[in-house]
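Participant: Residue numbers (this note's numbering), protein chains in the order written: chain E, 416 to 531; chain F, 3 to 112. Every residue gets a Cβ at the ideal spot worked out from N, C-alpha and C, and that includes glycine. This is the structure I want to talk about, given as structure tokens.
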Amino acid sequence: DAGITQSPRHKVTETGTPVTLRCHQTENHRYMYWYRQDPGHGLRLIHYSYGVKDTDKGEVSDGYSVSRSKTEDFLLTLESATSSQTSVYFCAISERTGGSSGNTIYFGEGSWLTVV
Amino acid sequence: GIQVEQSPPDLILQEGANSTLRCNFSDSVNNLQWFHQNPWGQLINLFYIPSGTKQNGRLSATTVATERYSLLYISSSQTTDSGVYFCAVGYTGANSKLTFGKGITLSVRP
């Protein structure tokens, strides 16, 4: 158990409404990530964070924003949800360590978002 | 960006059979990981293996970084091995992040 909690786990929302997904970790890891998973695309990086208030864009960041005001929480916001943002969203954490485990990444259980 | 190709895209095995899953990547990376996604959607990290060989029970992985490929071996497959296997590559460092392949769907039949 990597100590990652995502909320909500399932959500249905209407087009144009704002949505925030929360990722909470108990391991005090420095790196946190948001990925989306869609059929035929695998997992694609939306945004990531390498410390409190330090974030950067991934390959599919348009329409998404993130915030990290505390080490343990990484929030993903859809300012105005669209049907193309219907997806499964995964949060992940990692920590740079020496030795054979390196930058091992651990995933949360996913958040299923449907935009209607 | 880095290109990651996994093969074969789909694989069907009889329980007890062995299999090899391949991951090719386009750049010199120092971070490579294999994941298994079970039928319930849970993603489990199998190996962190930027180079060399590791084994964990019936699973083993080998990465030849100079030739830009990695192999995941599954021996004596079980139905619980079914799911999607992802290879992800990237770099360590301040902006550490991974690029995922599209996955290999494995079905193990009893």
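Apart from the five residues just before and just after leucine 100 of chain F, which ones in its own chain have a Cβ nearer than 8 angstroms to its Cβ?
Facilitator: So the list reads Asn33, Gln35, Ala90, Val91, Gly92, once near-sequence residues are dropped.
Participant: List the endpoints of the continuous beta strand (DSSP E) containing tryptophan 36 of chain F.
Facilitator: Segment 33-39, the beta strand (DSSP E) holding tryptophan 36 of chain F.
Participant: Is DSSP giving alanine 67 of chain F helix, strand or coil here?
Facilitator: If DSSP states are grouped into helix, strand and coil, alanine 67 of chain F belongs with the helices.
Participant: Check glutamine 80 of chain F in the structure and name its three-state DSSP category.
Facilitator: Coil.
Participant: If you count every other CB in all the chains shown that lies within 10 Å of the CB of isoleucine 14 of chain F, and 16 or more means buried, which is it?
Facilitator: Looking at its Cβ environment, which holds fewer than 16 other Cβ atoms inside 10 Å, isoleucine 14 of chain F is exposed.
Participant: So who's on the other strand from glycine 85 of chain F, going by DSSP bridges?
Facilitator: In the DSSP output, where bridge partners are listed per residue, glycine 85 of chain F has F/Leu108.
Participant: Tell me the rounded alpha-carbon separation between threonine 81 of chain F and leucine 436 of chain E.
Facilitator: The straight-line gap from Cα to Cα measures roughly 33 angstroms.
Participant: Under 7 angstroms Cβ to Cβ from glutamate 17 of chain F, same chain only, skipping five residues before and after it: list those, please.
Facilitator: Contacts found: Ser79, Gln80, Thr81, Val110, Arg111, Pro112.
Participant: List the residues of chain E that glycine 103 of chain F touches, going by C-beta distances under 8 angstroms, in chain order.
Facilitator: Gly457, listed in chain order.
Participant: Please decide whether leucine 460 of chain E counts as near chain F, where near means a Cβ-Cβ distance under 9 angstroms.
Facilitator: Output row for leucine 460 of chain E: interface = yes.
Participant: I'd like to know if the stretch 440-453 of chain E and the stretch 65-78 of chain F are in contact, where contact means that at least 3 CB-CB pairs between them fall below 8 angstroms.
Facilitator: The stretch 440-453 of chain E, when compared against the stretch 65-78 of chain F, does not touch it at the 8 angstroms Cβ threshold.
Participant: Do the stretch 473-493 of chain E and the stretch 444-459 of chain E make contact, defined as three or more Cβ pairs closer than 8 angstroms?
Facilitator: The answer is yes - the stretch 444-459 of chain E touches the stretch 473-493 of chain E, with three or more Cβ pairs under 8 angstroms.
Participant: CB-CB under 6 angstroms to phenylalanine 489 of chain E, same chain, minus the five flanking residues each way: which ones, in chain order?
Facilitator: Excluding sequence neighbours, phenylalanine 489 of chain E sits near Cys438, Met447, Ser464, Arg483.
Participant: Leaving aside the five residues before and after glutamine 4 of chain F along the sequence, list all residues of the same chain whose C-beta is less than 8 angstroms from its C-beta, in chain order.
Facilitator: Before going on, a small fix: residue 4 of chain F reads as isoleucine here, not glutamine. Hits under 8 angstroms: Phe27, Ser28, Asp29, Val31, Val91, Gly92, Thr101.
Participant: Measuring alpha carbon to alpha carbon, tell me which residue in E/Ser502, E/Tyr479, E/His462 is nearest glycine 455 of chain E.
Facilitator: The residue with the shortest Cα to Cα distance from glycine 455 of chain E is E/Ser502.
Participant: For chain E, check one thing: does any of its Cβ atoms lie closer than 9 angstroms to the Cβ of glycine 43 of chain F?
Facilitator: Cβ-Cβ to chain E under 9 angstroms: yes for glycine 43 of chain F.
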